[in-house]
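*Asks:*
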Amino acid sequence: MTTIKPEIVKALVTLQARLVDAVLALELPDLEEGEVLSGGPPPYRRLDCDGRALAYIRPRPRKRAVRVDITGLWRAPRSSPIATPNAGGAASLLVGNEGDLHDAVRFILATVESTRRAEARALERREHRTVEG
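Start counting the sequence shown at 22; every next residue gets the next number (the numbering used here).
#1: At 3 residues or longer, and completely inside the segment 53–105: list those beta strand (DSSP E) runs for me, N to C.
#2: Please list, in chain order, all residues of the same chain as K84 whose beta carbon is under 7 Å from its beta carbon, the five residues on each side excluded.
#3: CA-CA distance, V126 and V44?
#4: Along the alpha helix (DSSP H) that carries A43, what are the first and last residues, could you check?
#5: Measuring alpha carbon to alpha carbon, tell me which residue in P50, F128 and W95 is nearest E140.
#6: Is the closest heavy atom of the ligand MG to the C-beta of A32 under 8 Å?
#7: Evaluate V30 with the Cβ neighbour count: other Cβ atoms within 10 Å of its Cβ, from every protein chain shown; 16 or more gives buried, anything less gives exposed.
#8: How is L115 classed by DSSP in three states: helix, strand or coil?
#9: Give every residue of the same chain whose Cβ lies closer than 6 Å to the Cβ of A111, excluding the five residues on either side of it in the sequence, and list them in chain order.
#10: Rounding to the nearest angstrom, what Cα-Cα distance links V87 and H149 in this structure?
#11: Count the other CB atoms within 10 Å of the CB of S113; is the residue buried (16 or more) or exposed (fewer)?
#12: Are the segment 46–62 and the segment 127–134 touching by the rule of at least three beta carbon pairs closer than 8 Å?
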């Protein structure tokens, strides 16, 4: 088993914090850091938007990256250069450097915008059917 150097973990925790800060700096309405309930230090950070979980962000030292899991409650864009196959949610990203960080911020923003547009269209259709009916 390979020992992970503490400086790698520290660098990834810093990258994780920079990513969360960059997303929150977008100042999107109803976007905030969610609360993580944990007995010890939280294993991940969480972003919430519109009253529901948007993304879980955790360091992955063995992969030398920060993993961003977009929850299945959101419509993620179809692809990203930093996307990785995932089992459950809408998308998973691996952020390993500054360039990836900017790609991840754009991806998260596009996810929120795409979902909000889709929900607005669905509401419009429901209201239209109600008026006709």
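Beta carbons: idealized from backbone N, C-alpha and C, even for Gly.
*Replies:* Let me lay it out:
#1: DSSP runs (the beta strand (DSSP E)) wholly in the segment 53–105: 66–70, 73–81 and 86–91.
#2: Cβ within range, chain order: L115.
#3: 6 Å
#4: P27 to L45
#5: W95
#6: Of ligands this structure carries none, so the ligand MG is not represented either.
#7: exposed
#8: strand
#9: I91, G93, W95 and A97
#10: 43 Å
#11: buried
#12: Between the segment 46–62 and the segment 127–134 there are three or more C-beta pairs closer than 8 Å, enough to call the two in contact.
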